[in-house]
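Okay, so here's the structure we're looking at.
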Amino acid sequence: GWVLRELRPVSFVFKEERQETRFGFMADDMERILPELVRDLGDLRRDKGSEKFKGVVYQDLIALLTASQQQLQLHRELVQSSFEQYKTEAERRIQALELRVADHSKSLEAIAAAALARAGWPGLDVLFR
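Okay, structure coming up:
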């Protein structure tokens, strides 16, 4: 996971090609993060003297990205499972609390009705019509 955060995708144009925009990673950046994915391509331009070129081995990067995605999917499934368990437990607790509130409401109504009856007042149902 953390390695992917280090990668900086770029767009670029090869001067020797048809001026098409390409996407990838700078070999120097990749070498700092994942050196096993960078190869020395040697001197590809005779007119540039001794300038050396490096390249990213994208085929190997695909395997690393796949492994990372699989790890993310597993983590997501674990989080989803935990969420579902917490949700089920919360729903169970809410239902239990609702039952307790209903029981307490009935008890309070009975107490209020008894107190009103002793005081000579009509029942609650008459007051709240």
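Using the working numbering, the first residue of the sequence shown is number 1303, and each one after it goes up by one. Using N, Cα and C, we set each Cβ at its ideal position, and we do this for glycine too. Keep in mind that this is a model prediction, so the values were computed, not measured.
Okay, do the region 1324-1343 and the region 1355-1368 touch, 3+ Cβ pairs below 8 Å being the bar?
yes
Can you list, in chain order, the residues of its chain whose CB lies under 8 Å from that of D1331, leaving out five sequence neighbours each side?
Taking the first residue of the sequence shown as position 1, residue 1331 is located at position 29. Within the same chain, D1331 has close Cβ partners L1309, R1310.
Look up K1494 in the DSSP assignment and say whether it is helix, strand or coil.
This structure does not reach residue 1494, given that the chain is present from 1303 up to 1431, and the question cannot be answered.
Quick check: G1357 and R1341, are their CB atoms within less than 7 Å of each other?
Counting from 1 along the sequence shown, the entry for residue 1357 is found at position 55. Counting from 1 along the sequence shown, the entry for residue 1341 is found at position 39. The answer is yes: Cβ separation under 7 Å.
Beta-carbon separation of F1325 and S1313 under 7 Å?
Mapped onto the sequence shown, residue 1325 falls at position 23. Mapped onto the sequence shown, residue 1313 falls at position 11. Yes; because the gap between Cβ atoms is below 7 Å, this pair is in contact.
Cβ of L1306 within 7 Å of Cβ of S1370?
Translated into the one-based positions of the sequence shown, residue 1306 becomes position 4. Translated into the one-based positions of the sequence shown, residue 1370 becomes position 68. In this structure, S1370 lies closer than 7 Å to L1306 by Cβ.
Extent of the continuous beta strand (DSSP E) run through L1339
One-based indexing of the sequence shown puts residue 1339 at position 37. It is not in any beta strand (DSSP E) - L1339 carries neither H nor E in the DSSP assignment.
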